[in-house]
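Q: As they're listed, the protein sequences go chains A and B. Using my numbering, read the first sequence as starting at 1 and increasing by one per residue. Using my numbering, read the second sequence as starting at 518 and increasing by one per residue.
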Amino acid sequence: MGTPILELQNISKQFPGVKALDDVHFEMQAGEVHALLGENGAGKSTLIKIISGVYKPDTGVIKLEGQPVQFNNPHEAQAHGIATIYQELSLYPELTVAENIFMGHSPHRRIGPFNVVDWRKMFEQAREILDSLNIHDLDVRRKLSTLSVGNRQRVEIAKALSQNARILIMDEPTAALTEADVVRLFDIVRLLRERGVGIIYISHRLHEVFELADRVTVLRDGQYVDTKLVKDTTEDDLVSMMVGRTIDNLFPKLEAEIGKPVLEVRNLERKPMTRGVSFTLRAGEIVGVAGLVGSGRSELAQTIFGITPPDSGEILVDGQPVTINSPAAAMNHGIAYVPEDRGTQGLVRQMRLRENISMAILRTLTQQGFINRKAEAELAARSIKQLNIRAYSVDQVANKLSGGNQQKVVVGKWLASQPRILIMDEPTRGIDVGAKAEIHRLMSELAQQGLAILMISSELPEILGMSDRILVMREGKIVAEFDRSEATQERIAAAMMSAAAPNNANGVPQPAAMQEA
Amino acid sequence: MTVIEASSQALSLNQRIRALVFSQEGVLLLITIVAVAALSALSEPFRSVENFLNQGRLLTEIGLVALPMTYIIITGGIDLSVGSIFGLTAVILGYTWQNLGFPLELAIITSLIVATIAGFINGWFIVRVGVPPLIMTLATLALYRGLAEGIAQARSARGYPDWFYQLGQRDLLGVPTQLWILIVAAIIAAIILARTPFGRSLYAIGNNETAARFSGIPVGRNKMLIYAFSGLMAGLAGYIFVSRVSTTRSDMGTGLELDVIAAVVLGGTSIFGGTGSVPGTIIGVILIQLLKNGLSLTGVTGDSTIVVIGTVLILSILVNNFIQRRSGRMSS
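(1) Taking DSSP as the reference, what is the three-state secondary structure of A:Arg142?
(2) Which chain A residues are close to B:Thr657, counting only those with a beta carbon under 9 Å from its beta carbon?
(3) Counting only Cβ pairs nearer than 7 Å, list the residues of chain B close to A:Pro419.
(4) Enumerate, from N- to C-terminal direction, the unbroken alpha helix (DSSP H) stretches of 4 or more residues contained entirely within the stretch 318–400 of chain A.
(5) When DSSP builds the beta bridges, which residues end up paired with A:Glu481?
(6) Count the other CB atoms, across all protein chains shown, that sit within 10 Å of the CB of A:Lys374; report buried if there are 16 or more and exposed otherwise.
(7) What number of angstroms, rounded off, separates the C-alpha of B:Ser747 from the C-alpha of B:Val825?
(8) Between the alpha carbons of B:Asn724 and A:Asp341, how many angstroms are there, rounded?
(9) By the criterion of Cβ-Cβ separation under 8 Å, what are the contact partners of B:Thr487 in chain A?
(10) Below 8 Å on C-beta distance, what does A:Thr344 contact in chain B?
(11) Taking all protein chains shown into account, do 16 or more other C-beta atoms lie within 10 angstroms of the C-beta of B:Trp614, making it buried, or fewer, making it exposed?
(12) Just list the beta strand (DSSP E) runs in the stretch 57–114 of chain A, keeping only unbroken ones of 3 residues or longer that don't cross its boundaries, in chain order.
(13) Would you say the stretch 384–392 of chain A touches the stretch 729–737 of chain B, given that touching needs at least three Cβ pairs under 8 Å?
(14) In the DSSP assignment, the beta strand (DSSP E) including A:Tyr201 goes from what residue to what residue?
(15) Give me the chain B residues within the contact set of A:Arg363, using Cβ-Cβ distance strictly less than 7 Å, ordered along the chain.
(16) Does the stretch 413–429 of chain A come within contact of the stretch 327–343 of chain A, defined as at least 3 CB pairs closer than 8 Å?
(17) Contact defined as beta carbons within less than 8 Å: I believe A:Arg474 pairs with A:Met455. What is the distance between those atoms, to the nearest angstrom?
(18) Pick helix, strand or coil for B:Ser524, following the three-state DSSP scheme.
(19) Expressed to the nearest angstrom, what Euclidean distance is found between the alpha-carbon atoms of A:Gly430 and A:Gln406?
(20) Is A:Val348 close to chain B? Criterion is C-beta to C-beta, closer than 8 Å.
(21) Check the Cβ-Cβ distances between A:Ile335 and every residue of chain B, and say whether any is below 8 Å.
(22) Identify the residues that DSSP records as bridge partners of A:His34: which are they?
(23) Do you know offhand how far A:Lys99's Cα is from A:Arg142's?
(24) Could one say the Cβ of B:Arg717 lies closer than 8 Å to chain A's Cβ atoms, at least one of them?
(25) How far does the beta strand (DSSP E) with A:Ile188 in it extend, from its first residue to its last?
(26) Buried or exposed: which applies to A:Gly150, given that a residue is buried once 16 or more other Cβ atoms fall within 10 Å of its Cβ?
(27) Can you tell me whether A:Lys49 is buried or exposed? The criterion is at least 16 other CB atoms within 10 Å of its CB, across all chains shown.
(28) Strictly below 7 Å CB to CB, what residues from chain A border B:Gly733?
(29) First and last residue of the alpha helix (DSSP H) that includes A:Gly276?
(30) Roughly how many angstroms lie between the CA atoms of B:Ile834 and B:Leu783, to the nearest whole one?
(31) How about A:Ile135: is its C-beta nearer than 8 Å to some C-beta of chain B?
(32) Identify every run of the alpha helix (DSSP H) within the stretch 561–610 of chain B, keeping only runs that are complete inside it and at least 4 residues long; order them along the chain.
(33) Is the Cβ of A:Pro339 closer than 8 Å to any Cβ of chain B?
(34) Show which residues of chain A have a CB atom less than 8 Å away from the CB atom of B:Ala721.
(35) Once you ignore the five residues that flank A:Ile129 on each side, which residues in its own chain have a CB closer than 8 Å to its CB?
(36) Does the CB of B:Gly791 have a neighbour CB from chain A at under 8 Å?
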């Protein structure tokens, strides 16, 4: 191998109270796809922010093609050919594809004393860049807001290339993509590799690493673990490198005694996404709800929880009909809801851990109407212990926690309400494998203690691994029900997509996680 | 990342002192002390007890309205209509008493009820119809002022009985009467904000309204409450003002909203919502009033005073941003 296109030596970075990176190494050749793996909080984000000039390392050297460099800001990194595609895309929805590609460096021409944008040249060059990526079906004059997420991502890649990127950092690029878009993305990544671009690829999906990457570097707790050739390693190896121990069982399902029905839903209607849903949930039971994105699973959960109260139908708790027209009413009947999107629905990220955990039950932690801070802090401390939340103190701001720990805070908040019915919407989305196993274990234990759990998930392995029964939703209705013993991936997937799903040109939409098994 | 066992222990004394010094309130208090010291050295009339008490009388109206404004801005909202509600209350007080022949006590109560309803209307439209607070209260800023002018017909009401002036012009235990009201109201408002679930809910709403709703917090009810509270306090301030100046006119309180918002923001409440405190707001109100007074007493002209206040406002916001970034509440 020649001189690495990018080399990081002895990189350390300290934040107040946290050593985010401790003596980390990283090295990449031109024309290599190099996967960067680690649990949430392992330091991947900090490392790529250092490479892309957002942070400056406290110690250590960054070398580009053997030459030491220093970036004071992201612009300087960009000028050196380093482009980053973040999880949240940084494009302008109201501008055209071409404008987005050339944002900040559009081609100019002079009219008299004025420097004006050369629109024709811009559209032509945008077209050329897209063509060079084998993207022929994207109109450069279209507004970005009219494009799918997959197409927006392609625009983002084109934008990086328009700046002559030699190093491309992709942070969880497939998180929001459909299967068809993932395939096209991989084609583009391979094309770039052939052209000698170095690609740093971050993903929680190990099978993508095996499909795409040449080498893989693993970080754990801010420290460098190892770099390996992908062909010399296995999924189990990587997982144990990431978590520092072997995870014997990702789905620790325990035997639980299944009791009386606690939640019965009959003909529940809430237009447009909940259309005549009926099911029963028993004490000690985990019922999985499978379905494609947009099949009405979250909407059903939010209707039961009173966020969008039902138009008609019945909800029975312990056999008694109840009226649920607000989350507070749902809580009074012992229902808790861990929402799908912890950033916008689950947590108030700017507030402290203590304040988040107590949020739903604060009224019970009062003395003569005043918040009992001691009781609040004790509650938070108990949650931290029970859920093994990695935090420095109950006063830590939730934002500073890693994704898995944030999710545990949301779960802790709802367990604090001592529910008898727990609805969990994508309980382990976007969190690392260690935290995932912990949450699964907790769910099993809670069910054993008699909690009734309704678990919505897009990951079929999770649905199959954790559920006693499985409901399948499609177009706002429950279309199939399987017992644990009779459920298979194929049967569930078939029910999710069956006859009614149109077989369009892009192929049948598939749940992103199906391929993970 | 090194992980330390989390403890339920409260912050140590040392941390508390650091937190105070580095808080917006701490910095502002320091600025206020320095300003008072400097102005006292420059001006003999400024440093008299009598002057300070008189300034207390003058700042009460802004202070009262600033309390609910702090709540509202913490939730990420704004209330631009307070000056108009202030004027409307004054006019209704005078009109119902002088023209409709209400007993003065009843006229006062009527005007306060109207003020509360005016605030509640703001809240109802903001919550139930989803009108952005800025637009809603900008509309009622014009609407309520128009009502006041329509009712008053350019007349002013004067000649109140003697007892009416107790509140605005006299003292109780050596302190201006209305200042007692502000002190009590500020203490209650501070405790509610800092120590009750209701107060906590305002911070949650301002930081992430969706998550607050998903946590079972009655977001809509609480928002309507604070806008109604804002109307009530604007009305109370209007009543005190009438008592202080002995007359009612329909243009009373014009521009009040800007003074109030400036004081609240100076006091460390983020205009984006989510942070702020009553002590901060009170210090902001005091600082602005003392700067105005002290600068004019030291011979600085009115125009320059405004420049100084603007500069202090900008400086304090810079300090606030710096502190926020340190505490990690703002993403970098």
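Built from N, CA and C at the ideal position, the CB exists for glycine as well.
A: According to the data block:
(1) Sequence index remark: in the first sequence, residue 142 of chain A carries index 142 (1-based). Correct three-state label for A:Arg142: coil.
(2) As a position in the second sequence, residue 657 of chain B is number 140, starting the count at 1. The contacting residues do not exist; B:Thr657 stays about 28 Å from chain A at best.
(3) Numbered from 1 along the first sequence, position 419 holds the residue referred to as residue 419 of chain A. Result: empty, since nearest Cβ-Cβ is about 11 Å, beyond 7 Å.
(4) 327–332, 353–357, 373–387
(5) For the purposes of this step, residue 481 of chain A is taken as the residue at position 481 of the first sequence. Beta-bridge pairing links A:Glu481 to A:Leu471.
(6) Mapped onto the first sequence, residue 374 of chain A falls at position 374. Label assigned to A:Lys374: exposed.
(7) The residue labelled residue 747 of chain B in the question sits at position 230 within the second sequence. The residue labelled residue 825 of chain B in the question sits at position 308 within the second sequence. Approximately 29 Å between the Cα atoms of the pair.
(8) As a first step, residue 724 of chain B must be located in the second sequence, where it is residue number 207. As a first step, residue 341 of chain A must be located in the first sequence, where it is residue number 341. Those two C-alpha atoms are separated by around 16 Å.
(9) The displayed coordinates of chain B run from 518 to 849. Any statement about residue 487 of chain B would go beyond what the structure contains.
(10) In the first sequence, the residue the question calls residue 344 of chain A occupies position 344. Per Cβ cutoff of 8 Å: Asn725, Thr727, Ala728.
(11) Start at 1 with the first residue of the second sequence, and residue 614 of chain B comes out as number 97. Flag for B:Trp614 reads buried.
(12) 59–64, 67–69, 82–85, 108–111
(13) no
(14) Position 201 of the first sequence, counted from the start, is the residue given in the question as residue 201 of chain A. From DSSP, the beta strand (DSSP E) with A:Tyr201 extends over 198–202.
(15) As a working note, residue 363 of chain A is residue 363 in the first sequence. What A:Arg363 touches in chain B: Pro714.
(16) yes
(17) Translated into the one-based positions of the first sequence, residue 474 of chain A becomes position 474. Translated into the one-based positions of the first sequence, residue 455 of chain A becomes position 455. Wrong, their Cβ atoms sit about 18 Å apart, outside the cutoff.
(18) Here residue 524 of chain B refers to the residue found at position 7 of the second sequence. Low local confidence applies: a pLDDT of 41 at B:Ser524 is under 50, so the model's placement there is unreliable, and no value is given.
(19) On the first sequence, residue 430 of chain A is found 430 positions in, with the first residue counted as 1. On the first sequence, residue 406 of chain A is found 406 positions in, with the first residue counted as 1. Distance between the alpha carbons of A:Gly430 and A:Gln406 is about 11 Å.
(20) For the purposes of this step, residue 348 of chain A is identified with residue 348 of the first sequence, where counting begins at 1. Yes, A:Val348 lies at the interface with chain B (some Cβ there is under 8 Å from its Cβ).
(21) Along the first sequence, one-based indexing puts residue 335 of chain A at 335. Answer no: the Cβ-Cβ gap between A:Ile335 and chain B never drops below 8 Å.
(22) Walking along the first sequence from the start, residue 34 of chain A turns up at place 34. A:Ile200, A:Arg215.
(23) Locating residue 99 of chain A in the first sequence gives position 99, where the first residue counts as 1. Locating residue 142 of chain A in the first sequence gives position 142, where the first residue counts as 1. The amino acid occupying residue 99 of chain A in the given sequence is Glu; Lys does not appear at that position. Cα-Cα distance, rounded: 10 Å.
(24) To locate residue 717 of chain B, count along the second sequence from 1; it is residue 200. True, the Cβ-Cβ gap to chain A drops below 8 Å.
(25) As a working mapping, residue 188 of chain A is identified with position 188 in the first sequence. From DSSP, A:Ile188 is part of no beta strand (DSSP E) but of the alpha helix (DSSP H) over 179–194.
(26) Here the question's residue 150 of chain A lines up with position 150 in the first sequence. With 16 or more Cβ atoms within 10 Å of its Cβ, A:Gly150 is classed as buried.
(27) Locating residue 49 of chain A in the first sequence gives position 49, where the first residue counts as 1. Its Cβ being crowded by 16 or more others within 10 Å, A:Lys49 is buried.
(28) Position 216 of the second sequence holds residue 733 of chain B. Under the 7 Å cutoff, chain A gives Pro327, Ala328, Met331, Ala360.
(29) In the first sequence, residue 276 of chain A corresponds to position 276, counting from 1. Counting along the chain, A:Gly276 falls outside any alpha helix (DSSP H), though it belongs to the beta strand (DSSP E) covering 274–282.
(30) Sequence index remark: in the second sequence, residue 834 of chain B carries index 317 (1-based). Sequence index remark: in the second sequence, residue 783 of chain B carries index 266 (1-based). Roughly 7 Å separates the two Cα atoms.
(31) The residue given as residue 135 of chain A occupies position 135 in the first sequence. No, because no Cβ of chain B sits closer than 8 Å to the Cβ of A:Ile135.
(32) 566–591
(33) The residue labelled residue 339 of chain A in the question sits at position 339 within the first sequence. Closer than 8 Å: yes.
(34) Translated into the one-based positions of the second sequence, residue 721 of chain B becomes position 204. Neighbours of B:Ala721 on chain A, chain order: Val348, Met351, Glu355, Met359.
(35) As a working mapping, residue 129 of chain A is identified with position 129 in the first sequence. The answer, listed in chain order, is Ile101, Ala158, Leu161, Ser162.
(36) As a working note, residue 791 of chain B is residue 274 in the second sequence. Yes, its Cβ sits closer than 8 Å to a Cβ of chain A.
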